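Chains A and B are the protein sequences, given in the same order.
Just so you know, the first sequence maps onto residues 4 to 340 in the working numbering.
Just so you know, the second sequence maps onto residues 4 to 340 in the working numbering.
First the structure, in the form of structure tokens, and then the observations on it.
Protein chains: 2
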Amino acid sequence: MGGDNAPNSVVDGAAISLKQYPDINFIFVGDKNKIEALIARHKKLAKISKIIHTEEFVTADDKPSIALRKKRQSSMSLAIKAVADGDADCVVSAGNTGALMLMALFGLKTLPNVSRPAIAAYYPTMKKNQYTVLLDMGANLQCSAKNLAEFAFLGTTFAQVVLGVKKPSVCLLNIGSEEMKGKDEIKEAATLLSNSKLAGEFKGFAEGDNIMDGNVDVVVTDGFTGNVTLKASEGTAKMISSMLKESFKSSPLSWLGYLFMLPALYSLKRRIDPRLYNGGVFMGLKGLCVKSHGGTDALGFSNAINVGVKMSIGDFNKHLAETLEKANLDSINNDKG
Amino acid sequence: MGGDNAPNSVVDGAAISLKQYPDINFIFVGDKNKIEALIARHKKLAKISKIIHTEEFVTADDKPSIALRKKRQSSMSLAIKAVADGDADCVVSAGNTGALMLMALFGLKTLPNVSRPAIAAYYPTMKKNQYTVLLDMGANLQCSAKNLAEFAFLGTTFAQVVLGVKKPSVCLLNIGSEEMKGKDEIKEAATLLSNSKLAGEFKGFAEGDNIMDGNVDVVVTDGFTGNVTLKASEGTAKMISSMLKESFKSSPLSWLGYLFMLPALYSLKRRIDPRLYNGGVFMGLKGLCVKSHGGTDALGFSNAINVGVKMSIGDFNKHLAETLEKANLDSINNDKG
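Set out below in structure tokens:
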């Protein structure tokens, strides 16, 4: 169990999720003594939990390739093994992202018809109860047209299973909405999608601000752009929130106004609370894998667990495999090529 | 004169700038009758303005390459010619970005030692009176290590001349701050910069949220990422502002609080007002060229003019040429290669 607040946030997060999904079981992988002491505080959780003991851990500084080769008895490696062996449906970790991706890739293997697994997550938008799925969030720094087109299928399946959107709309992130603009691989991916089973759902190009306007369910980009874009959005939200706080303190009157507005501000804060959107799903593997933010708390970790639970209940991988088989992107590629 | 609110916003913007910089002169390029009527409303402006008449315009839908070849008598083309001929120091346009870039590139030509001109702009950060220059904003969708390293020199010169920062710090935008992470060209650009005249100012990699944290003066990235990142930030700011408005209306008490806070909120709004940061500079050409946002008003257009004025007063191109000659990036490249 990794992450800045582990193992407390992990165990407490599991207890929160168990209240929402009373039928789930947990296998905690890590130091038995520490975990037992933490679980003991949650009666119901203690009843349905197993522990796999290990004292080896992947650290935040471990190079992924070294972790893969040398840390075979680490909690991360053993947790992935539990999924590979069918003992668990999903691994949820707040540890080293690169190591988790590499270990999951080798431990779980990719699904048929998936050329590149990708990380997806969903975010709040300007419209209430409307979220946008963004992928890839960092698994693939550079992507081909086929990769991007495939991500559209991964993302829409995610929106269906996790967010319950029946026919999710999907766009490719670009620097303009005109057809002639943008990188070649994005323009080619657009052609692929327009000729694919997703032709009806594919709505063309989206620009950076369309991620938050609530008009599209899934936005597809390469992992470099996805990662930078998400962090820039988080940074902007943080900047405005810090400026707002300064404003509140700028005069006694505005401080009074702030007090009057506290309940409304609290509800706004809840709406964009990053903990509620915690959980990047590593999709396209023969097993479910969710990456929690390293710095999150119990509530945030619980949300990462919940994403995994929804995917498991919704039989995500079965749907994805069927979707990709029907998609048959290679045949389109060949027709064009 | 292009842009959604032209020619009014252009002429009124010039009048605002003239108050701040009484020594500047304007050449307006466009429909003489329309412009004369607008200028007549501003006495001082009327005195120092010339008009180059034309009835041909580049539209927002014109393909840049077609505009370049066919619209030689357009206001955009003639305005660039005025700079090329030495009649003006800087062209400021709110028209078609792609056409402006292509026409300026052909009309003004690149400076020696510049392999790729780039678009820069600066933005507010969490720290008061601390801005971050971001480039490239869309001129070059894909960049080599050398391009990125060169942009660092362009960006720091911009921060010196326009923002008055003596020794601007500079970072490369990446998906992690660790040395091993990221795309090859970014890692190579880091090596180049570490061995360049900017070694002291180069602070390594920045992530998306570092653009707004006020800890670095210049952030360098390719034009695709820069454009998407900026739009995602704008989208996030818009989303939060819309959510805030909803919060204010959620109860009579919060509405009262909102009224108490109005002056403070107004000052916050001013601090992140996009009009105050309007003006993307197309750097690296033998003449100054500023692109204003198409949808801006007079205040916004005036800010774009002011950026050009500051560059002209500060002898930007002379500084840039000297900096790049001293930088001698090719010699570093050869040493390594």
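Note that beta-carbon positions come from the ideal geometry of N, C-alpha and C, so glycine has one too.
Just so we're clear, the structure is a prediction, and the values are computed from it rather than from any experiment.
Terminal residues of the alpha helix (DSSP H) in which residue i lies
| i | result |
| --- | --- |
| V284/A | It is not in any alpha helix (DSSP H) - V284/A instead sits in the beta strand (DSSP E) that spans 283-286. |
| T232/B | 226-251 |
| A70/A | 67-73 |
| A155/A | 148-166 |
| S96/B | First-last for S96/B: 93-96, but that is the beta strand (DSSP E), not the alpha helix (DSSP H). |
| G303/A | 301-316 |
| K35/A | 35-42 |
| K329/A | 319-330 |
Status (buried if at least 16 other CB within 10 Å, exposed otherwise) for residue i
| i | result |
| --- | --- |
| I335/B | buried |
| G340/B | Unreliable positioning characterises G340/B in this predicted model, as indicated by a pLDDT of 36, which lies under 50. The coordinate reading is nonetheless provided below. Exposed: under 16 other Cβ atoms inside 10 Å. |
| G16/B | buried |
| S96/A | buried |
| I243/B | buried |
| Y24/B | exposed |
| T232/B | buried |
| E325/A | exposed |
| D64/A | exposed |
| K329/A | exposed |
Span separating the alpha-carbon of residue i from that of residue j
| i | j | result |
| --- | --- | --- |
| K200/A | T160/A | 13 Å |
| S147/A | V136/A | 20 Å |
| S305/A | E58/A | 24 Å |
| E153/B | D225/B | 12 Å |
| D88/A | R75/A | 15 Å |
| D333/B | K130/B | 36 Å |
| V284/B | S257/A | 38 Å |
| M286/B | I122/B | 6 Å |
| E237/A | D212/B | 6 Å |
| L21/A | L48/A | 7 Å |
| L247/A | R278/A | 21 Å |
| F227/B | A70/B | 23 Å |
| N309/A | P127/A | 17 Å |
| M369/A | N8/A | Within the shown structure, residues of chain A are numbered from 4 to 340, placing residue 369/A beyond reach of any answer. |
| K35/B | V14/B | 12 Å |
| G167/A | A18/A | 25 Å |
| G282/A | D139/A | 13 Å |
| V164/A | G185/B | 31 Å |
| L108/A | V173/B | 36 Å |
| N132/A | A235/B | 20 Å |
| L327/A | I51/A | 35 Å |
| L323/A | K53/A | 29 Å |
| N116/B | F263/A | 59 Å |
Per-residue DSSP class, three states only, for residue i
| i | result |
| --- | --- |
| F263/B | helix |
| V219/A | coil |
| K53/A | strand |
| K112/B | coil |
| K339/B | At K339/B, the pLDDT of 44 sits below 50, so the modelled position is not reliable and the matter cannot be decided from this model. |
| K186/A | coil |
| P127/A | strand |
| I122/A | strand |
| S20/B | helix |
| G89/B | coil |
| V14/B | helix |
| S78/A | helix |
| A9/A | coil |
| G207/B | strand |
| I30/B | strand |
| L176/B | strand |
Residue i at chain D interface by Cβ criterion, 8 Å
| i | result |
| --- | --- |
| Q133/A | Protein chains A and B are contained in the structure displayed, whereas chain D is not. |
Closest Cα partner of residue i within the set the options
| i | options | result |
| --- | --- | --- |
| L253/B | S270/A, I275/A, I54/A | Checking the displayed sequence, the identity of residue 253/B turns out to be Ser instead of Leu. Closest by alpha carbon: S270/A. |
| D90/A | D300/A, L302/A, L291/A | L291/A |
| A240/B | D276/B, V222/B, D216/B, V219/B | D276/B |
| K170/B | K186/B, G179/B, F156/B | F156/B |
| H296/B | A124/B, A202/B, D220/B | A124/B |
| M4/A | A202/A, I51/A, V61/A, H45/A | V61/A |
| S118/B | K289/B, A193/B, G229/B, A301/B | K289/B |
| E210/B | K73/B, H56/B, V221/B, F251/B | V221/B |
| S78/B | Y280/B, G298/B, K46/B, I30/B | I30/B |
Contact test: residue i Cβ vs the ligand COA heavy atom, cutoff 7 Å
| i | result |
| --- | --- |
| L105/B | Although the ligand COA was asked about, the structure shown includes no ligands whatsoever. |
Endpoints, the beta strand (DSSP E) within which residue i is located
| i | result |
| --- | --- |
| F60/B | From DSSP, F60/B is part of no beta strand (DSSP E); its letter is neither H nor E. |
| V136/A | 134-138 |
| L201/B | That residue, L201/B, is in no beta strand (DSSP E); it is neither H nor E in DSSP. |
| K170/A | Segment: none, K170/A is in no beta strand (DSSP E) and carries neither H nor E. |
| L346/B | Outside the shown range of chain B, which is 4 to 340, sits residue 346/B, and nothing can be said about it. |
| L291/B | 291-294 |
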